[in-house]
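Q: Chains as they are written, first to last, in numbering that gives the first Met the number 0: chain A, 0 to 234; chain B, 0 to 99. No residue lacks a Cβ here, since even glycine has one placed at the ideal position from N, Cα and C. First the structure, then my questions, so here it is.
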Amino acid sequence: MSGGAVAFTRRGVLRGARDAVPLVIGTFPFGLVVGVISDAKGLSLLETLLMSALVFAGSSQLLALELWTDPAPIVAATIAALVVNMRLAPMGAALAPWLDRLRGLRLWGTLATLVDHSYALSAAETRRGGRDAGYLLGVGLALWCFWMLAVAIGHVAGAVVRLPPGHPLYFAAIATFCAILVPVWQGVRRDLAPWLLAAAVSLAAWWAGLAAPWPLLAGALTGAALGAWLETRRR
Amino acid sequence: MTLRLDVLLAILGMALVTYLCRAGGYALFRAFRPPRFVEAMLQHLPGPIFIAYVAPALATQGAKGFLAAVAVVVVQAATRNLAAAIAAGVAAIWGLGMLA
């Protein structure tokens, strides 16, 4: 990553928020689904918005809602959130070149908004030599606002907006991550072997029947380990 | 507008562990300087994370998933416009679904 001073400016926040807008095509339908299912599981609008505001991680919310009961499954929902969101832990660590320069609320508040998309855009931004850590907060805050809006609309509209399973719009979420991979790619020598291994391991784990976060974690860690091994061996 | 205690506790439990995931990874690495290999691994993590997320999700869709992913990558590389790339992917999966 680049040297030099890292800043945290309003301009950086606004630029991050602007760059986040296209991602909403992918996250908005997801938010609608979470809202509709929360309604179906008997959560009030207030409870739904509180969960979305504080947890702000769609796949863990969806998984917890899948196993929702009355009274609420406190332990099961907490464990579901922990397992699905474990993938976020290395993302904060990877953004250390930016985060190390922040203190107090700027640091711990920015971390509260960290999601896959804000990490991905920020990782690409550091590659381009970006030094404004406000960018990370800007992406996260913009996605949070649209997330709350989508979940609220989904809850209020209830059954009316329910998209059938397999609707093409659901593909937007996957497409977002495919597109994000393009600026992350740094060439055959560095990335080809680790990326192929990550794909192979995640597919093998998925075919073996492992549930939600495990194929992702196994593929990501083995791919990154191969990349690190190749790099340290070359030196 | 109801807010039940059991639901509130479940939400707070989820929120707490999710924040620990977000902030904990960073806090841990700030407290203990990671070895060089781990630091190199973190720099290599972005690509493999999204590959490992996308590969099983595409496999669920079958061949049309991978074709749509190619469309996304081509449009993103050509235009550098994320919205256009996402739209191309949705259009491709929709079109390929009509063919099948």
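In the DSSP output, which residue or residues are listed as bridge partners for R131 of chain A?
A: Before going further, note that residue 131 of chain A is Asp rather than Arg in the sequence given. According to DSSP, D131 of chain A bridges with A:A6.
Q: Whether or not the segment 223-233 of chain A and the segment 62-77 of chain B are in contact is what I'm after, with contact meaning three or more pairs of Cβ atoms, one per stretch, closer than 8 Å; do they touch?
A: Contact fails: fewer than three Cβ-Cβ distances are below 8 Å.
Q: Hey, is P34 of chain B's beta-carbon within less than 8 Å of any beta-carbon in chain A?
A: No - not a single Cβ of chain A is within 8 Å of the one on P34 of chain B.
Q: Show which residues of chain B have a CB atom less than 8 Å away from the CB atom of A56 of chain A.
A: Here the neighbours are T17.
Q: Quick check on the DSSP output: the alpha helix (DSSP H) that includes V74 of chain A runs from which residue to which?
A: First-last of the alpha helix (DSSP H) with V74 of chain A: 73-84.
Q: Span of the alpha helix (DSSP H) holding P193 of chain A?
A: That run of the alpha helix (DSSP H) goes 187-206.
Q: Exposed or buried, what is G12 of chain B when buried is set at 16 or more other beta-carbons lying within 10 Å of its beta-carbon?
A: Label assigned to G12 of chain B: buried.
Q: Taking a contact to mean a Cβ-Cβ separation below 8 Å, would you say V37 of chain B touches L42 of chain A in this structure?
A: No; because the gap between Cβ atoms is not below 8 Å, this pair is not in contact.
Q: Report the residues of the segment 39-56 of chain B with a CB closer than 8 Å to any CB of chain A, ordered along the chain.
A: If the cut-off is 8 Å between Cβ atoms, the segment 39-56 of chain B has A39, M40, L41, Q42, H43, L44, P45, G46, P47, I48, F49, I50, A51, Y52, V53, A54, P55, A56 near chain A.
Q: Leaving out the 5 sequence neighbours to the left and right, which residues in its chain are closer than 6 Å to M0 of chain A when beta-carbon positions are compared?
A: For M0 of chain A, the pLDDT reaches just 42, beneath the cut-off of 50, and the residue's location in the model is therefore unreliable, leaving the point undetermined.
Q: Residues of chain B with CB under 7 Å from G176 of chain A, in chain order?
A: Reading the sequence as shown, one finds Phe at residue 176 of chain A and not Gly. Result: F49, Y52, V53.
Q: Going along chain B in order, which residues have a C-beta closer than 9 Å to the C-beta of M50 of chain A?
A: Per Cβ cutoff of 9 Å: V6, A9, I10, M13, A14.
Q: For A54 of chain B and S201 of chain A, I'd like the C-alpha separation in whole angstroms.
A: Approximately 7 Å, taken between the alpha carbons.
Q: Under 8 Å, CB to CB, which of the residues in the segment 91-102 of chain A have a partner in chain B?
A: Residues G91, A92, A93, L94, A95, L98, D99.
Q: In whole angstroms, give me the CA-to-CA distance for A199 of chain A and D190 of chain A.
A: About 14 Å.
Q: Does the CB of A67 of chain B have a neighbour CB from chain A at under 8 Å?
A: So yes, A67 of chain B belongs to the interface.
Q: Going by DSSP in three states, M0 of chain B sits in which element: helix, strand or coil?
A: Coil.
Q: Ignoring anything shorter than 4 residues or poking outside the segment 33-58 of chain A, list the alpha helix (DSSP H) runs there in chain order.
A: If we require 4 residues or more, the alpha helix (DSSP H) runs fully inside the segment 33-58 of chain A come out as 44-54.
Q: Thinking S51 of chain A and W206 of chain A are a contact (beta carbons under 8 Å), I'd like their distance in whole angstroms, please.
A: With a Cβ gap of about 33 Å, S51 of chain A and W206 of chain A do not count as contacting.
Q: Just checking my contact of G15 of chain A with L110 of chain A at CB under 8 Å: how many whole Å lie between their CB atoms?
A: The pair is not a contact, with the Cβ atoms about 15 Å apart (cut-off 8 Å).
Q: Would G61 of chain B pass as an interface residue toward chain A - the criterion being a Cβ-Cβ separation below 8 Å?
A: No, its Cβ sits nowhere closer than 8 Å to a Cβ of chain A.
Q: Closer than 7 Å by beta-carbon distance: list the chain B residues that pair up with F170 of chain A, in chain order.
A: Here the neighbours are A67, G88, V89, I92.
Q: Determine, for A30 of chain B, whether the minimum Cβ-Cβ distance to residues of chain A falls below 8 Å.
A: Cβ-Cβ to chain A under 8 Å: no for A30 of chain B.
Q: Mind checking whether V114 of chain A and L142 of chain A have CB atoms under 8 Å apart?
A: Yes, these two residues count as a Cβ contact at 8 Å.
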